[in-house]
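J.: Handing you a structure now.
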DNA sequence: CACTTCCTTGACCGGACGGTCAAGTCGGCG
DNA sequence: CGCCGACTTGACCGTCCGGTCAAGGAAGTG
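Protein chains in written order, with our numbering: chain A, 37 to 230; chain B, 37 to 230.
The structure is reproduced here in C-alpha cells:
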C-alpha cells in the first residue's frame, strides 16, 4: 500500500474493496482467497499487495468505511429533530434504509464481530452507536415520554430488534423498508400488548 | 467415527466435544486446529479421527446437541402454562438461563451462523424457534391480549431483543439473569413508552 | 495363552493460501 | 527521445493444517 495514489490508483483501490466486499458477502471472508479477489478483477496478485498490506487490512478498511458511512446517514436523518422519541425513530429508519442499500455489508459485519481480530473494532462501533441511543433515551426519560428503566439495556434491546429485523426482512427477503421500519418502531415503542 | 462405542469411548467423545467447545469459544473455530484440540487433551491426533470424521462434523454435532438441549429447557419451562403472554415470558427466561449456564456456546453459535457450511443448520434451528413463538403470539392475538400485527415479525423482534441482551449482559458481563430477564420481558411486552 | 476388537500413536502427505519479489509495462514530463 | 516513478505481472516460497495410516498397545473373552 502507498500513501500517494494517482487518480488511476484510487480507482483500482476502490475496485478492490468493492469486489472483495461482494465476494466476502457471497462466500465469506476466510473462504475468499486473495487469489479469488484479483482473479475476479482479472489482474495479477501483486496489484492487491500494492494497495493493501494484507487481506486483514482490506477488511479493516472496509469495516471502517462502512461504519463511517452508516453513522453519517443516521446523523443526517436525525438532523435537528428535538423530540427524543422521534430521534430514535429516525435513527431506526435510517439504519434499515442504509442496510437496504448495502445488503452485502450485513454478513461481513456479522462475521467480523465473531472474529478475534476484528471483534474489538466492531465492539467499539457498537458502543458508540449505543451511546448515541442512550442519550436520546435519557432525554426522553427526563421529559417523561420514555419510561424510567436502565437506558443502556433499553438501547441494547432496540439494537437487537433492529439487527434481527434487518437480517430477516431487509437482507434475506428484501421486503419494503417502510413496512419493516414501521414494525421495528412500533415494537420498540409499544411492545406486544394490545 | 464408529457407530458402536464402549462406555470408555463415549467418555472420550464427550471429552473431545467439551474441550473443542472451550477452545472454539476462546479462540474461534478456524484458528483452533485439530492439533490444538488433541494437544489440550494430551492425546494423539488419531484419537480425534477415531471419533469424528472431520472437524466440521464435530462442530455440527456440537450445534445439534446444544440446540436440542436449549429447546428441551424451553419446553420444560413453559410446561402446561395456558396464558400465551406468560408462555412467551417463560420462554425468554429459560433462554437467558440456558445461556447463563452455557456461555461458551454463544460465540460458537454466532460464528456458525456466519459460515456457509453451518448457516443452514442454524437457520433451521432459528426457524423452528420462531415458529414456536409465532404460535403463542397467534393465540394471544386471538384472545386479544396481544395486538394485531404480523406475528412473524413480532417473533423476530423478540428474538432480537433476547439475543442482544444475552450477548451484552449474560455472556459479556455475567449480570444476574433475573435482572436481565425482567427487562427483556418488560421491553418485549410494553416497549419504551412511559 | 491366543485371538479379536477397541482404541491410540505420531510421523507423514497433499494442497491451499497469504505473502514476496525480480522483472516488466505504461504514461507523463522535460 | 530518455527517464522516472507509478503500477502490474505471475512464478515462487514457507507455513500451516486437515486428514491418513501402518503400527502398536490394552482390555476382554475363551
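Just so it is clear, CB atoms sit at the ideal spot from N, CA and C, and this is done for glycine as well.
#1: What are the start and end residues of the alpha helix (DSSP H) that includes residue 87(B)?
#2: Taking C-beta to C-beta, are residue 144(A) and residue 61(A) nearer than 7 Å?
#3: So residue 83(A) packs on residue 181(A), CB below 8 Å; how close in whole Å?
#4: If we cut at 7 Å on Cβ distances, does residue 72(B) have a partner in chain A?
#5: Name the two residues that bound the continuous alpha helix (DSSP H) containing residue 165(B).
#6: What are the start and end residues of the alpha helix (DSSP H) that includes residue 73(B)?
#7: Residue 181(B) touches chain A at which residues, Cβ-Cβ below 8 Å?
#8: Looking at the structure shown, is residue 37(B) part of a helix, part of a strand, or coil, going by DSSP?
#9: From the beta carbon of residue 133(A), is the nearest beta carbon of chain B less than 7 Å away?
#10: Going along the chain, which residues of its own chain have a beta-carbon closer than 6 Å to the beta-carbon of residue 37(B), five neighbours each way excluded?
#11: Indicate the three-state DSSP secondary structure (helix, strand or coil) for residue 229(B) in the structure shown.
#12: Which word fits residue 151(A), buried or exposed, when buried means at least 16 other C-beta atoms lie within 10 angstroms of its C-beta?
#13: What are the partner residues of residue 182(A), as DSSP defines its beta bridges?
#14: Please tell me whether residue 197(B) has its Cβ less than 7 Å away from any Cβ of chain A.
#15: Which residues in chain B have a C-beta closer than 9 Å to the C-beta of residue 185(A)? List them in chain order.
#16: Between the region 113-127 of chain A and the region 91-104 of chain A, do three or more beta carbon pairs fall short of 8 Å?
#17: Using CA coordinates, which residue listed in 195(A), 49(A), 74(A), 42(A) is at the minimum distance from residue 132(A)?
#18: I'd like to know if residue 94(A) contacts chain B, where contact means its C-beta is closer than 7 Å to some C-beta of that chain.
#19: For residue 219(A), which residues of its own chain have a beta-carbon under 8 Å away from its beta-carbon, when the five flanking residues on both sides are left out?
#20: What did DSSP end up calling residue 209(A) once you bin it into helix, strand or coil?
#21: Just to confirm the assignment, what range does the alpha helix (DSSP H) spanning residue 196(A) have?
#22: How about residue 234(A): is its C-beta nearer than 7 Å to some C-beta of chain B?
T.: According to the structure shown:
#1: 81-87
#2: yes
#3: Not really, about 54 Å apart at Cβ, beyond 8 Å.
#4: Chain A, which has no Cβ nearer than 7 Å to the Cβ of residue 72(B), makes this no.
#5: 155-179
#6: 70-77
#7: 229, 230
#8: For residue 37(B), the predicted structure reports a pLDDT of 44, less than 50, and the residue's modelled location is therefore unreliable. The matter cannot be settled from this model.
#9: no
#10: With a pLDDT of 44 at residue 37(B), under the threshold of 50, the modelled position of that residue is not reliable, and no figure is offered here.
#11: strand
#12: Buried.
#13: 229(B)
#14: yes
#15: 219, 222, 223, 228
#16: Under the 8 Å Cβ criterion, the region 113-127 of chain A does not count as touching the region 91-104 of chain A, having fewer than three qualifying pairs.
#17: 195(A)
#18: no
#19: 201
#20: coil
#21: 187-201
#22: The structure shown has nothing for residue 234(A), since chain A only spans 37 to 230.
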